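Single-structure report; data block below.
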Amino acid sequence: MNSEPRAVVLGEHCAMAQAQPNIALIKYWGKRDAALNLPVVGSISITLDALWTRTRVSFEPGLEQDRVSLNGRSDAAEAKRVSACLDLLRQRAGVNWRAAVDSRNNFPTAAGLASSASGFAALIHAGDSALGLNLDDAEKSVLARRCSGSAARSIFGGYVEWAHGKLADGTDSVASPLLEAAAWPLRVAVAITSTAAKEVGSSEGMRRTAQTSPFQSAWIDSQEADLNAARSAILARDFAALAAISEYSCLKMHALALAAQPGLLYWNGASVECMRRVRALRGQGVPVFFTVDAGPQVKAVCEPQAIEQVKSALREIPGVLDVVETGLGAGSRKLTEAEFVSRDAPTSSGGSDADRSGIDSASPVAGHSASPAPTLTRHRGEAE
Ligand code: PMV
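Letter by letter, the sequence shown follows residues 4 to 387 of our numbering.
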């Protein structure tokens, strides 16, 4: 499959943007309004640098319908989500022009690496520029949230908090930066333990959890304290405190979901072994902690000097297919056409495994065929 971006003659209402996935340390799980993607709890995340989505949006008044290419392919269900997101931008601009969208990831889409967060943040950023809306970051965050909850956080770089907000229209459920990436440049080793699409997408998982898990109200009631603890740990650059609160939030989210009916079991055996290994390393004094989202990949967050040891330890675990290294990066931003078509990440730290191993839309995770699934896919046909 050739998913290289085509060189095109750029129209007047065309722009390109890049955004990176984020990983929640204090987890979002549960919606107070499913249509507006309003969360029942606030969350705190880190934005990554080596993994990215790049998107070109070109509004063309002559087009009869949106044309959506995700990693070089078209997919009706994903195109529908993209069109719904473009509708929000069209509404703001007061136009009804259809658009051509060309989007690609440099990481496998269905591998549980938050491709919907980077995908929709990049789409909103590019669409905003293409229409000349000049929305500020908070407004972009609100629109990105409506397309995919966690995308609200990928508008910003470094350490980011997304407020659950109180207003019914969701205008106060917006992300904002807590600390710049460069102020505390932690590293992340992502242990890929499966490249299969997950069985239950996060939207369905959240719905089922809210309806059936007996722990839902305890989850909501205890979140504020977790947010306070994580915020303080980040502002004080207190690794041990951030490690403790992040693992707590992760395990609590999974305990909540495990207690749904039927229970949501996102881990495989290798995921559990990775978590155990990370804990053992920390017991030996290595500054590292884990976090796991609604999928089987384990993200090990560590101080920079520990990254090689953490990667080697994770690589030894049976069932770990690959380990991708990334640092923390910037928020969404506009790209030039040259940056959009280039194969290199313009703001990558330059030394990541993702760069070195050539994980991009044309190159597979080691030992596996590249996921041909569209950029924004997490669970086919389901709004995440
Ligand atoms: O925004 P969604 O629908 O992709 O849900 C994200 C849910 C988690 O990744 C498990 C937690 C989080 O805060 O990102």
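The beta-carbon is built from N, C-alpha and C at its ideal position, and this holds for glycine as well.
Nothing here was measured: the structure is a model prediction, and the numbers come from that model.
Query                                                                                                           : Result
Validate contact between the segment 319–330 and the segment 230–240 using beta carbons, cut 8 Å, 3 pairs       : no
Heavy atom of the ligand PMV within 7 Å of W32 beta-carbon                                                      : yes
F218, DSSP secondary structure in three states                                                                  : coil
Cβ-Cβ distance between L51 and G298 below 8 Å                                                                   : no
Spatial neighbours of V281 in its chain, beta-carbon cut-off 7 Å, leaving aside the 5 residues before and after : V291, F292, F293, A303
Enclosing alpha helix (DSSP H) for Q312 [first to last residue]                                                 : 310–318
Closest by C-alpha distance to A232, when choosing among Y251, S220, L189                                       : Y251
For E63, three-class secondary structure by DSSP                                                                : strand
Under 8 Å between C-beta atoms of S61 and A133                                                                  : yes
T196 and V323 closer than 8 Å at C-beta                                                                         : yes
Coil, strand or helix - V42 by DSSP                                                                             : Val is not the amino acid found at residue 42; the sequence shown has Pro there. DSSP places P42 in strand when its eight states are reduced to three.
Enclosing beta strand (DSSP E) for D140 [first to last residue]                                                 : Element bounds for D140: not the beta strand (DSSP E) but the alpha helix (DSSP H), 140–150.
Extent of the continuous beta strand (DSSP E) run through V191                                                  : 190–195
Through-space distance from L54 to E63, alpha-carbon basis                                                      : 29 Å
F343 (DSSP reduced to helix, strand or coil)                                                                    : helix
Assigned exposure category for E164 - 16 Cβ within 10 Å defines buried                                          : buried
DSSP three-state assignment for F242, whether helix, strand or coil                                             : helix
Helix, strand or coil at F159 [DSSP, three-state]                                                               : coil
Three-state class that DSSP yields for F292 in the structure shown                                              : strand
Coarse secondary structure for I362, derived from DSSP in three states                                          : Caution applies to I362, whose pLDDT of 35 falls short of 50 and renders its modelled position unreliable; the value that the coordinates give is listed next. DSSP places I362 in coil when its eight states are reduced to three.
Other residues of its chain near R149: CB distance less than 7 Å, five sequence neighbours each side excluded   : L39, N40, L91
Member of S206, L317, M256 whose CA lies at the smallest distance from the CA of F218                           : M256
Limits of the beta strand (DSSP E) - the one that E328 falls within                                             : 325–329
V313 vs V275 beta-carbon contact at 8 Å                                                                         : no
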